[in-house]
Every structure is written in C-alpha cells, then in structure tokens.
Amino acid sequence: QQQVKQSPQSLIVQKGGISIINCAYENTAFDYFPWYQQFPGKGPALLIAIRPDVSEKKEGRFTISFNKSAKQFSLHIMDSQPGDSATYFCAAPRLNDYKLSFGAGTTVTVRA
Amino acid sequence: EAQVTQNPRYLITVTGKKLTVTCSQNMNHEYMSWYRQDPGLGLRQIYYSMNVEVTDKGDVPEGYKVSRKEKRNFPLILESPSPNQTSLYFCASSLIAQTLNTGELFFGEGSRLTVL
Numbered sequence: 001q002q003q004v005k006q007s008p009q010s011l012i013v014q015k016g017g018i019s020i021i022n023c024a025y026e027n028t029a030f031d032y033f034p035w036y037q038q039f040p041g042k043g044p045a046l047l048i049a050i051r052p053d054v055s056e057k058k059e060g061r062f063t064i065s066f067n068k069s070a071k072q073f074s075l076h077i078m079d080s081q082p083g084d085s086a087t088y089f090c091a092a093p094r095l096n097d098y099k100l101s102f103g104a105g106t107t108v109t110v111r112a
Numbered sequence: 113e114a115q116v117t118q119n120p121r122y123l124i125t126v127t128g129k130k131l132t133v134t135c136s137q138n139m140n141h142e143y144m145s146w147y148r149q150d151p152g153l154g155l156r157q158i159y160y161s162m163n164v165e166v167t168d169k170g171d172v173p174e175g176y177k178v179s180r181k182e183k184r185n186f187p188l189i190l191e192s193p194s195p196n197q198t199s200l201y202f203c204a205s206s207l208i209a210q211t212l213n214t215g216e217l218f219f220g221e222g223s224r225l226t227v228l
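Residue numbers (our numbering), protein chains in the order written: chain A, 1 to 112; chain B, 113 to 228.
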C-alpha cells in the first residue's frame, strides 16, 4: 500500500532544462522528506532532504519545495545535465513505525 | 570504505529451489532492511530489523524469511522461490531506526533475481 504518490513516471529533458518531479503524501509521523537518486546498476543514495520548517531547500542545482498544507513536495533539477539521468524516489516517514514509504520513482533522461 | 554488500548480484534459479541473498554492512548500523524494486511500484519493504533482537515484517513479507544473528549481517531467504519473486532486491541499513526520520538509509548495489 503506497502512501506516497509520485509523478511523472518518466520524463525527458534537454540539457540545460528544468526537471520537475512531484510527490504527494498521506499522513506522516515526522516532518522530514528525503529524495533518493539511483543510477543504473546501483542502489539508491540520499540526494537531498527537507524539513518543513522551511518551504524550500537548495543544494547546488537541486531544489526541494514543500507545501505542508497541500501535503506535497517536489524536486526541481535546474540546468539539467546528462549526468543527472537517473531514477529519483521521494520518500516520507510513515506513522507509527520505523519505515519510509517510497514513491514509485521517476526516470529522468537528460538529452545532450 | 563504508558500505552495504550484497551477494550474489545476479542469480537465475528455478521455482522451488531455496536460495539465500546475503547482506553485510561495515558501519556498525543497528537497523537493516530488505526492499524489492519493481517497475511502477518503487521500493517496497520486505522485512526489517531494528537490532539483533527485533525483526519484523514489512509490506510484502510473503515468501521470504530473514535472520539477524549478528549486527552486521542480514540475509534474505527464499525457501521456495516462485516466478513472482523475480525482482531487484536491495538491502539497506541505518545507524538506528530513528535515523530513518533523517533519511540516512544506506543501500547496497542490489541483487537481481530471476525465478524461472
């Protein structure tokens, strides 16, 4: 039972463009929302995360924006590069247990 | 180097032939977990272990067993594999369960299993 809805399933962007991935969550125990990046043949790795005491967090070309009232958060990849081609997962901590619910993933392809 | 190591990375087996996927971490983490990754379904948790004394089911535990006899190892056991267990499996660890709330989950490189 997936508690985090992620969209789109895939996207293609030209080099230098902006990639936007959206996630919506149900109830969550803790306000901490990570994004994981997975390259082909590798395991996911933490990319960036946000605590919703801020509405936006930026690390380099990656920005998370958070809308607590709407229970939504999104990842923006600015100036997308071919090396950003990967699958991205959002996640949210679940209520009442020590688990992360992951979104279904978004495969980003950046064309040179 | 801090890492989570899984073996084998690739395996093709037949229905009903018991197999074990090993997982070992060298970060002295208390929390370990197994996930399976399937297209369109993301990462789904199979089993997790808070520490060597506590292990519990995740969201999709049917057909799997785990064992946590020591802190560093957390093998995944398929007693009688079936084709619907064909998937990409990831082992992951975290310092303690509470650090999941900070997103500090470290993954292995995955084990691709095909059950014929």
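The C-beta atom is built at its ideal place from N, Cα and C for all residues, glycine as well.
In this text the structure is predicted, and so the values were computed from the model without any measurement.
In this structure, how does DSSP classify Ala209(B) when only helix, strand and coil are distinguished? helix
Three or more C-beta pairs below 8 Å linking the stretch 114-131 of chain B and the stretch 166-180 of chain B: no
Got a sec? Which residues, its chain only, sit under 6 Å from Lys57(A) by beta carbon, not counting five neighbours each side? Ile50 and Ile64
Run down chain A in chain order and give the residues with a C-beta less than 7 Å from the C-beta of Gln157(B). Lys99
For Met144(B), which residues does DSSP report across the bridge? Ser161(B) and Ser205(B)
So, at 6 Å on beta carbons, what are the nonlocal neighbours of Met144(B) in its own chain, with the 5 sequence-adjacent residues on each side left out? Ser161, Phe186 and Ser205
Alpha-carbon spacing of Thr134(B) relative to Pro8(A), whole angstroms: 34 Å
Any C-beta of chain A sitting closer than 8 Å to the C-beta of Leu228(B)? no
Taking only three categories from DSSP, how would you classify Asp150(B)? strand
Under 8 Å between C-beta atoms, does Tyr201(B) make it to chain A? no
Quick check: the Cα distance between Gln2(A) and Gly103(A), rounded to an integer number of angstroms? Here the model assigns Gln2(A) a pLDDT of 49, short of 50, so the residue's position is not dependable and the matter cannot be decided.
Could you tell me the alpha carbon to alpha carbon distance between Arg94(A) and Glu26(A), rounded to whole angstroms? 9 Å
Please classify Asp84(A) as buried or exposed, where buried requires at least 16 other C-beta atoms within 10 Å of its C-beta. buried
Could you give the DSSP three-state label for Gln6(A): helix, strand or coil? strand
Does Phe89(A) come within less than 8 Å of chain B when only Cβ atoms are used? yes
One question on the structure: do Glu191(B) and Lys177(B) come within less than 8 Å of each other, judged by their Cβ atoms? yes
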